[in-house]
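A.B. asks: Dumping the structure here so I can ask a few things about it.
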Amino acid sequence: MTGVPKSYNITYYWNADSHITVLSNSPNVTLRSLKSGSNYTITVVTAGARGYQSTPVSRSVFTKPLPVNLPQALKVTSSSVSLSWSMPNESHSSYTYRVQTNVTLQSMINNTIVTGETATIVNLTPGQTYTFLIYTRAADNVSESEPVSLTTCTVPGQAVGVTVNNYKSVNSLVVNWTAPTGNVSNYTVTITGDLNRTLQNTSTQVTFTNLLPGRNYSITVQTISGSCNSPITTVTEATCEYDPRVLCVISI
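Rendered as structure tokens:
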């Protein structure tokens, strides 16, 4: 009846021993101090004039779980990342976890659901930076925690088919290779021997000049992508002698 004062009895619980009832004169009530990630049954009874009560109206709802703790990348390869984390506070045995893989904040490429505190994300691109968002999921598979993020890049591919040639030169060596699959920012090419020098290069060829004749040199090539580096590829070669009586071999 319009204009008749009403009150509301709100009873809520997440197990048989946790019934709590509050009284409110407002149709809007915030229930506090709830247990995270739990299935609460909430029942509302309207009390009207002369204490008459309505038929109870009930609804079940899950509270949001708490986020996971201590996320870390256990193992990173060129095509996969293995993640681990610790259970959230107030953890439930029914919890699962959703790991969302993003290339950018707006670009999700994968969703993985796991039941334990580890996940391996596969089929990734070498040298690509990924952000992994880890969500705790309640038993309804809908209610989720705030995400905890971890950003890392996969290992870039190694330079392919690295060769070093002197081309009968007494003071220079030419390094060639083929770009690997995946993302590449640049290459670090280092020569060591009678002199040491390092070059950063975006192309797949480097020439070292002003070398000494008839000396052996070690050349390493490493692929760089963002903050991640590939394993090093090492090749050795010598410059030619000045003495024309000494046969100088061109490396193939």
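When we follow numbering that gives the first Met the number 0, the leftmost residue of the sequence shown carries the number 0, and every step to the right adds one.
Using N, Cα and C, we set each Cβ at its ideal position, and we do this for glycine too.
Might you give, ordered along the chain, the residues of its own chain that have their beta carbon closer than 8 angstroms to the beta carbon of Thr40, omitting 5 neighbours on each side?
C.D. replies: Only Tyr11, Tyr12, Trp13, Ser57, Arg58 and Ser59 meet the Cβ criterion.
A.B. asks: Can you give me the C-alpha to C-alpha distance between Gly181 and Thr130, rounded to a whole angstrom?
C.D. replies: Answer to the nearest angstrom: the Cα atoms are 17 angstroms apart.
A.B. asks: Could you check whether Glu236 and Leu132 sit closer than 8 angstroms to each other, using their CB atoms as the reference points?
C.D. replies: No; because the gap between Cβ atoms is not below 8 angstroms, this pair is not in contact.
A.B. asks: My guess is that Thr135 and Pro64 are in contact by the Cβ rule of under 8 angstroms, so how many angstroms apart are they, rounded?
C.D. replies: At roughly 4 angstroms, the Cβ-Cβ gap stays under 8 angstroms, so Thr135 and Pro64 are in contact.
A.B. asks: Indicate whether at least one CB of chain B lies closer than 8 angstroms to the CB of Thr111.
C.D. replies: Of the protein chains in this structure there is only one, and it is not chain B.
A.B. asks: Please classify Gly160: does DSSP put it in a helix, a strand, or coil?
C.D. replies: Three-state DSSP puts Gly160 in a strand.
A.B. asks: Quick one, which of Val161, Asn228, Ile223 and Ser229 has its alpha-carbon nearest Ser217's?
C.D. replies: Answer by Cα proximity: Val161.
A.B. asks: Could you have a look at Ala15 and say whether DSSP puts it in helix, strand or coil?
C.D. replies: Correct three-state label for Ala15: coil.
A.B. asks: Could you say if the stretch 137-152 and the stretch 90-97 meet the contact criterion of at least three C-beta pairs nearer than 8 angstroms?
C.D. replies: The answer is yes - the stretch 90-97 touches the stretch 137-152, with three or more Cβ pairs under 8 angstroms.
A.B. asks: With DSSP collapsed to three states, give me the class of Arg196.
C.D. replies: Of the three classes helix, strand and coil, the one that applies to Arg196 here is strand, per DSSP.
A.B. asks: Assuming His91 and Gly36 are in contact, meaning their beta carbons sit under 8 angstroms apart, how far apart are those beta carbons, in whole angstroms?
C.D. replies: Confirmed, Cβ separation roughly 5 angstroms.
A.B. asks: Is the beta carbon of Asn164 sitting closer than 8 angstroms to the one on Thr238?
C.D. replies: The answer is no: Cβ separation not under 8 angstroms.
A.B. asks: Can you list, in chain order, the residues of its chain with a C-beta nearer than 6 angstroms to that of Val113? Leave out the 5 residues immediately preceding and following it.
C.D. replies: Taken in chain order, the residues that qualify are Tyr96.
A.B. asks: By the 10 Å Cβ neighbour count, where 16 or more other Cβ atoms means buried, how is Tyr241 classified, buried or exposed?
C.D. replies: The residue is exposed, with fewer than 16 neighbouring Cβ atoms inside 10 Å.
A.B. asks: With DSSP as the reference, label Thr31 as helix, strand or coil.
C.D. replies: According to the sequence provided, residue 31 is Arg. The question's Thr does not apply to it. Here Arg31 sits in coil by DSSP.
A.B. asks: Determine the extent of the beta strand (DSSP E) in which Ser106 is found, giving its start and end residues.
C.D. replies: Note, Ser106: beta strand (DSSP E), Ser106 to Val113.
A.B. asks: Is it buried or exposed, Ile231, if we count other Cβ atoms within 10 angstroms and call 16 or more buried?
C.D. replies: Exposed is the call here.
A.B. asks: Apart from the five residues just before and just after Pro155, which ones in its own chain have a Cβ nearer than 8 angstroms to its Cβ?
C.D. replies: So the qualifying residues of the chain are Ser77, Pro125, Gly126, Pro179, Gly181, Asn182, Val183, Thr222, Ile223, Ser224, Cys227, Asn228 and Ser229.
A.B. asks: Which class does Arg97 belong to by DSSP, given the choice of helix, strand or coil?
C.D. replies: Note: Arg97 maps to strand in three-state DSSP.
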